[in-house]
Amino acid sequence: MIEVQGLQKRFAVENPKKLSEQEKKDPRLKGRFFRSVRDVSFQCEEGCVLGLLGPNGAGKTTTLRMLSTALSPDSGSIFIDGVDVLKAPIEARKRIGFLSGSTGLYGRLTGRENMAYFGELHGMSKAAVEERIDELADMLDLHTFLDRRCENFSTGMKQKTAIARTVIHSPKVVVLDEPTTGLDIMAAQTVLSFVRHLKSLGTPVIFSTHHLAEVSELCDRVCVINEGKTMFDDTLNAFTQLSENSLNDAFLSALNMKEA
Amino acid sequence: MWIVFKKELKEILRDKKTLFFMIALPLLIIPAIGGVVGYFSVKAVTEAEEKILKVSIVNPNAAPQITEELQRSEFFEIVPIESGVTPEQWVKSKGADFVLTMPDSYTAPLLESNQRVFVIHLNDAGLNLVERRLKEIIEPYLNKQQQTAFQTLNLSEEQSAGLIEPFVFDKIDVADKRENIGEKVGGMLTYFIFILCLQGAMMPAADLGAGEKERGTLETLLISPIERKYLVLGKFLTIALAGVMTALITVLSMAIWGIVLSQGMAIQFVAEFMGAINAIDFVLIFFMLIPIVSILASILLSISTYARSFKEAQSYMAPLVFVVIVPTLMSSLPGIELTGGWAWVPLTNVALAIKELIKGTMDYYQLIPIFVSSMAIALGTLSFCVYWFNKEKVLFR
Numbered sequence: 083m084i085e086v087q088g089l090q091k092r093f094a095v096e097n098p099k100k101l102s103e104q105e106k107k108d109p110r111l112k113g114r115f116f117r118s119v120r121d122v123s124f125q126c127e128e129g130c131v132l133g134l135l136g137p138n139g140a141g142k143t144t145t146l147r148m149l150s151t152a153l154s155p156d157s158g159s160i161f162i163d164g165v166d167v168l169k170a171p172i173e174a175r176k177r178i179g180f181l182s183g184s185t186g187l188y189g190r191l192t193g194r195e196n197m198a199y200f201g202e203l204h205g206m207s208k209a210a211v212e213e214r215i216d217e218l219a220d221m222l223d224l225h226t227f228l229d230r231r232c233e234n235f236s237t238g239m240k241q242k243t244a245i246a247r248t249v250i251h252s253p254k255v256v257v258l259d260e261p262t263t264g265l266d267i268m269a270a271q272t273v274l275s276f277v278r279h280l281k282s283l284g285t286p287v288i289f290s291t292h293h294l295a296e297v298s299e300l301c302d303r304v305c306v307i308n309e310g311k312t313m314f315d316d317t318l319n320a321f322t323q324l325s326e327n328s329l330n331d332a333f334l335s336a337l338n339m340k341e342a
Numbered sequence: 103m104w105i106v107f108k109k110e111l112k113e114i115l116r117d118k119k120t121l122f123f124m125i126a127l128p129l130l131i132i133p134a135i136g137g138v139v140g141y142f143s144v145k146a147v148t149e150a151e152e153k154i155l156k157v158s159i160v161n162p163n164a165a166p167q168i169t170e171e172l173q174r175s176e177f178f179e180i181v182p183i184e185s186g187v188t189p190e191q192w193v194k195s196k197g198a199d200f201v202l203t204m205p206d207s208y209t210a211p212l213l214e215s216n217q218r219v220f221v222i223h224l225n226d227a228g229l230n231l232v233e234r235r236l237k238e239i240i241e242p243y244l245n246k247q248q249q250t251a252f253q254t255l256n257l258s259e260e261q262s263a264g265l266i267e268p269f270v271f272d273k274i275d276v277a278d279k280r281e282n283i284g285e286k287v288g289g290m291l292t293y294f295i296f297i298l299c300l301q302g303a304m305m306p307a308a309d310l311g312a313g314e315k316e317r318g319t320l321e322t323l324l325i326s327p328i329e330r331k332y333l334v335l336g337k338f339l340t341i342a343l344a345g346v347m348t349a350l351i352t353v354l355s356m357a358i359w360g361i362v363l364s365q366g367m368a369i370q371f372v373a374e375f376m377g378a379i380n381a382i383d384f385v386l387i388f389f390m391l392i393p394i395v396s397i398l399a400s401i402l403l404s405i406s407t408y409a410r411s412f413k414e415a416q417s418y419m420a421p422l423v424f425v426v427i428v429p430t431l432m433s434s435l436p437g438i439e440l441t442g443g444w445a446w447v448p449l450t451n452v453a454l455a456i457k458e459l460i461k462g463t464m465d466y467y468q469l470i471p472i473f474v475s476s477m478a479i480a481l482g483t484l485s486f487c488v489y490w491f492n493k494e495k496v497l498f499r
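So the sequence lines, in the order shown, correspond to chains L and C.
The first sequence lines up with residues 83 to 342 when you count with the numbering used here.
The second sequence lines up with residues 103 to 499 when you count with the numbering used here.
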């Protein structure tokens, strides 16, 4: 279970004078700071898939980076499986699997070595790593290219290997930041099937996306963020009811709603 | 930390680009470049030595003996100067390699005339042997004239010598062969070692920091459940090892190629020189390199962590060469010795110490300030690197 409450994060602006007129009008700009995330809250129960939506620059990636402990929030709280992420980040990291669309692999290592490296970093024994790699290779059909260097992989192979690496340590929650952005249909399908599989295992999944079709296909809950604030946080059903026309209209309505 | 170190090392050993800079460059390319430069310089000197010089003589009858010698010599070809052309124009128009104007006073006894002035018009910009070859011909005749003058004055051989050279220094060098060679070789060697440590560490450093950002692997690494200081240490050790290995390979390659290429006496000389430096000195040189490489590795890793891409990292790293060159050059300046304040100046002190060790004149007490200052700076730069690696604005620029 993931609980996020009142997250805030600001970044220092190196030279405010250099900002464009449009950037200066952004309500999140205050003095020398850009408040990327101002108030984000949501929760995701076991077996639940939460779709995190929002326009570009809304604060989705910053939120997910805080969730994954890569960034520390200025205020707010994050609990993952009962562990306070801010107080015990190392402990929390053991429970999280994080994957983004721009995630890469070590090209000069084989797929197996990439996975093993992260397995070992997560404190797994060599035998446990081997066993888990076999299990994941069966599940994601990696056997044909597992021992080849990643630099020669196709996009699909890379994505499958990255997924396997993300869950090598059997995380309690999985966070995906725009995992299908820039992928072809086949590779995107691999990611979606993987999310479905996690759901069947009861693992809570949070993923940010711009594809509303993916949301309607997979998500149980939807959280819409705009200008660093949660504007909507409810079930998929409630989200679809925001507009009779389409999910796109529902999304636009959510953006214009008062804060959730 | 060791997991990171092992993985980074594995990646480096599989990277052709890094291996090229670490192994191929010092082992083959540098000696090959040296060989090519050596070959062409030897060829140029041989050509200059074998070349027959075309000479035009002005006033040849003033010094008939010299003119005859020049005619007889196989190294000169006499060409007449065109009438109405000045010697300068003649040389510029390549009519001759040089024009020699004989002094009118040549045949007169030395005591009755002034110093003989042979005017030579030549293009002295390139390599030429005009002066040396002329001296070989003229000197015996003028020496004879000189002796005749001394006899006329009734001077003994000693008095004559005193007149020719009123004073000489009788130098008795107490420095042994090793000290002499060490002074010359030591400075160059440290310079090479430092630059190569830096070169060898640069590629892996750019790859291990900015390269991770560029490939999109850094974020995944940052959220693995080990403290960031261990991530930094694993990466730092890899970079430092690459630097030391490059330096070691270079020195070894220099020694091997030196022995392979030199012949006869040269082998004897190299063997004698190497034999004079004992194993402890070699070990000390190696140990002193550790803090130096640590300083360089942590600075490189900090730069690389800050850079957004591999290219950006490389352009930030390039000026570091000057940071290394300046203190190394300082060590070769006269008057700068491994005493007092200089023993505390980073890089310069190690450069001086390596030179002293090679010379065999090391004051081993100076190792204390060297290690204290180098280790303190190394720890400082490494701590900064750890601090830097924890800064969000550095990691997510």
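In this text, a Cβ means the ideal position worked out from N, Cα and C, and glycines have one as well.
- Query: Could you check where the alpha helix (DSSP H) with C:V452 kicks off and where it finishes?
  - Reply: Stepping through the second sequence from its first residue, residue 452 of chain C is reached at position 350. Start and end: 450-461.
- Report the neighbours of C:K506 on chain L: residues whose CB is nearer than 8 Å to its CB, in chain order. A query on residue 506 of chain C cannot be resolved here, the shown segment of chain C reaching from 103 to 499 and no further.
- Beta-carbon contacts of C:L265 that lie in its chain and below 8 Å, excluding the five residues immediately before and after: By one-based count along the second sequence, residue 265 of chain C stands at place 163. Counting only Cβ-Cβ distances below 8 Å, and skipping sequence neighbours, we find F252, L257.
- Query: For L:R303, which residues does DSSP report across the bridge?
  - Reply: Translated into the one-based positions of the first sequence, residue 303 of chain L becomes position 221. Answer is L:L132, L:T317, bridged to L:R303.
- Query: At a CB-CB cut-off below 7 Å, which residues of chain L make contact with C:L324?
  - Reply: Within the second sequence, residue 324 of chain C is the residue found at index 222, counting from 1. For C:L324, the neighbours in chain L by C-beta distance under 7 Å run, in chain order, A152.
- Apply the 10 Å Cβ neighbour rule to L:Q323 and answer buried if 16 or more other Cβ atoms are within range, or exposed otherwise. Start at 1 with the first residue of the first sequence, and residue 323 of chain L comes out as number 241. When all chains shown are included, L:Q323 counts as exposed.
- Check whether the Cβ atoms of C:G302 and C:G336 sit closer than 8 Å, and answer yes or no. Position 200 of the second sequence holds residue 302 of chain C. Position 234 of the second sequence holds residue 336 of chain C. Cβ distance not < 8 Å, so C:G302 and C:G336 don't count as in contact.
- Figure out for me which residue from L:T226, L:D259, L:E212, L:M268 has the closest Cα to the Cα of L:T291. The residue labelled residue 291 of chain L in the question sits at position 209 within the first sequence. That would be L:D259, whose Cα lies nearest to the Cα of L:T291.
- Just confirm the distance between the C-beta atoms of C:I456 and C:L291, as a whole number of angstroms; I'd bet it's less than 8 Å. Stepping through the second sequence from its first residue, residue 456 of chain C is reached at position 354. Stepping through the second sequence from its first residue, residue 291 of chain C is reached at position 189. So it is a contact: roughly 7 Å between Cβ atoms.
- For chain L, is any of its Cβ atoms less than 8 Å away from the one on C:G318? Position 216 of the second sequence holds residue 318 of chain C. True, the Cβ-Cβ gap to chain L drops below 8 Å.
- Task: Evaluate contact between the segment 208-228 of chain L and the segment 244-264 of chain L, counting only Cβ atoms and requiring at least three cross-stretch pairs below 8 Å.
- Result: Per the Cβ contact rule, the segment 208-228 of chain L is in contact with the segment 244-264 of chain L (3 or more Cβ pairs under 8 Å).
- Task: Could you name the residues of the same chain whose beta carbon sits closer than 6 Å to that of C:I394, not counting the 5 residues immediately before and after it, in chain order?
- Result: Here residue 394 of chain C corresponds to residue number 292 of the second sequence, with the count starting at 1. Excluding residues up to 5 positions away in sequence, V452 lie with their Cβ nearer than 6 Å to the Cβ of C:I394 in the same chain.
- Item | Per-residue burial, L:G310 [other beta carbons within 10 Å of its own, 16 or more giving buried] | In the first sequence, counting from the first residue as 1, residue 310 of chain L sits at position 228. With a threshold of 16 other beta carbon atoms within 10 Å, L:G310 meets it and is buried.
- Cα-Cα separation between C:W359 and C:I460, rounded to whole angstroms: Position 257 of the second sequence, counting from 1, holds the residue named residue 359 of chain C. Position 358 of the second sequence, counting from 1, holds the residue named residue 460 of chain C. One C-alpha to the other measures close to 19 Å.
- Message: So if I threshold CB-CB distances at 8 Å, which residues from the segment 119-143 of chain L count as touching chain C?
- Response: Considering only beta carbons, no part of the segment 119-143 of chain L lies closer than 8 Å to chain C.
- What in chain C is Cβ-close to L:T272, meaning under 7 Å? Your numbering for residue 272 of chain L matches position 190 in the first sequence. In chain order: nothing, as chain C lies at least about 18 Å away.
- Contacting positions in the segment 106-134 of chain C - beta carbon closer than 8 Å to chain L: Residues of the segment 106-134 of chain C with a C-beta atom less than 8 Å from some C-beta of chain L are V106, K109, K112, E113, R116, D117, listed in chain order.
- Apart from the five residues just before and just after C:I183, which ones in its own chain have a Cβ nearer than 6 Å to its Cβ? The residue given as residue 183 of chain C occupies position 81 in the second sequence. Within its own chain, the residues whose Cβ lies closer than 6 Å to the Cβ of C:I183, once the five positions on either side in sequence are excluded, are S158, W192, listed in chain order.
- Message: For C:I400, which residues in the same chain have their Cβ closer than 8 Å to its Cβ, ignoring the five residues on either side in sequence?
- Response: Taking the second sequence and counting its residues from 1, one reaches residue 400 of chain C at position 298. A small correction: the amino acid at residue 400 of chain C is Ser; Ile does not occupy that position in the sequence shown. Here the set comprises F338, A480, T483, L484, F486, C487.
- C:F328 versus chain L: which residues are under 7 Å apart at the beta carbon? Along the second sequence, read from residue 1 onward, the residue named residue 328 of chain C stands at position 226. Checking the sequence, you will find Ile at residue 328 of chain C rather than Phe. Chain L residues near C:I328: L203.
- Task: Return the chain-ordered ranges of every alpha helix (DSSP H) run that is complete within the segment 189-220 of chain C and spans a minimum of 4 residues.
- Result: Counting whole runs of 4 or more residues, the segment 189-220 of chain C contains the alpha helix (DSSP H) stretches 189-194.
- Message: Do L:T151 and L:P171 have their beta-carbon atoms positioned less than 8 Å apart in this structure?
- Response: Here residue 171 of chain L refers to the residue found at position 89 of the first sequence. Here residue 151 of chain L refers to the residue found at position 69 of the first sequence. Yes, the pair counts as a contact, with Cβ atoms nearer than the cut-off.
- Query: Residues in the segment 414-432 of chain C with C-beta within 9 Å of chain L's C-beta atoms, listed in sequence order?
  - Reply: Cβ contacts with chain L: none found.
- Query: What residues from the segment 244-270 of chain L come within 7 Å of chain C, judged by C-beta to C-beta, listed N to C?
  - Reply: Along the segment 244-270 of chain L, there is no position whose C-beta sits under 7 Å from a C-beta of chain C.
- Cα-Cα separation between C:Y466 and C:Y408, rounded to whole angstroms: Position 364 of the second sequence, counted from the first residue, corresponds to residue 466 of chain C. Position 306 of the second sequence, counted from the first residue, corresponds to residue 408 of chain C. Rounded to whole angstroms, C:Y466 to C:Y408 spans 39 Å at the Cα level.
- For L:F200, return the contacting residues in chain C, with the cut-off set at a CB-CB distance below 8 Å. Locating residue 200 of chain L in the first sequence gives position 118, counting from the first residue. By Cβ distance, chain C contributes T322, S326.
- Message: Going by C-alpha to C-alpha distance, which of C:V425, C:S433, C:V160 sits closest to C:T188?
- Response: Reading the second sequence from its first residue, position 86 is the one you call residue 188 of chain C. It is C:V160.
- Where does the unbroken beta strand (DSSP E) through C:E179 begin, and where does it stop? Position 77 of the second sequence, counted from the first residue, corresponds to residue 179 of chain C. Its beta strand (DSSP E) spans residues 178-180.
- For chain C, find out if any of its Cβ atoms is closer than 8 Å to the Cβ of L:L280; answer yes or no. As a first step, residue 280 of chain L is located in the first sequence; it is residue number 198 there, counting from the start. Chain C contact via Cβ: absent.
- Message: Against chain C, which members of the segment 204-236 of chain L pass a CB distance test of less than 9 Å?
- Response: Answer in chain order: H204, G205, R231.
- What whole-angstrom Cβ distance do L:G133 and L:F289 have, given they're in contact under 8 Å? For this step, residue 133 of chain L is matched to residue 51 along the first sequence. For this step, residue 289 of chain L is matched to residue 207 along the first sequence. Here L:G133 really is in contact with L:F289; their C-beta atoms are around 6 Å apart, less than 8 Å.
- Task: Please specify which runs of the alpha helix (DSSP H), each continuous and at least 4 residues long, are wholly inside the segment 119-160 of chain C, giving them in chain order.
- Result: Entirely contained in the segment 119-160 of chain C, the alpha helix (DSSP H) runs reaching 4 residues are, in chain order, 132-152.
- Excluding five sequence neighbours on each side, which residues of the same chain lie with their C-beta closer than 6 Å to the C-beta of C:S355? The residue given as residue 355 of chain C occupies position 253 in the second sequence. The answer, listed in chain order, is P128, L129.
- Query: If you draw a straight line from the alpha carbon of L:S335 to that of L:T317, how long is it in whole angstroms?
  - Reply: In the first sequence, the residue the question calls residue 335 of chain L occupies position 253. In the first sequence, the residue the question calls residue 317 of chain L occupies position 235. Taking the straight line joining both Cα atoms gives about 15 Å.
- Out of L:K112, L:G88, L:Q104, which has the shortest C-alpha to C-alpha gap to L:N125? Stepping through the first sequence from its first residue, residue 125 of chain L is reached at position 43. According to the sequence displayed, residue 125 of chain L carries Gln and not Asn. Out of L:K112, L:G88, L:Q104, L:G88 has the C-alpha closest to the C-alpha of L:Q125.
- Same chain, Cβ closer than 7 Å to C:T463, five either side skipped, listed in chain order: Taking the second sequence and counting its residues from 1, one reaches residue 463 of chain C at position 361. These residues qualify, in order along the chain: E281.
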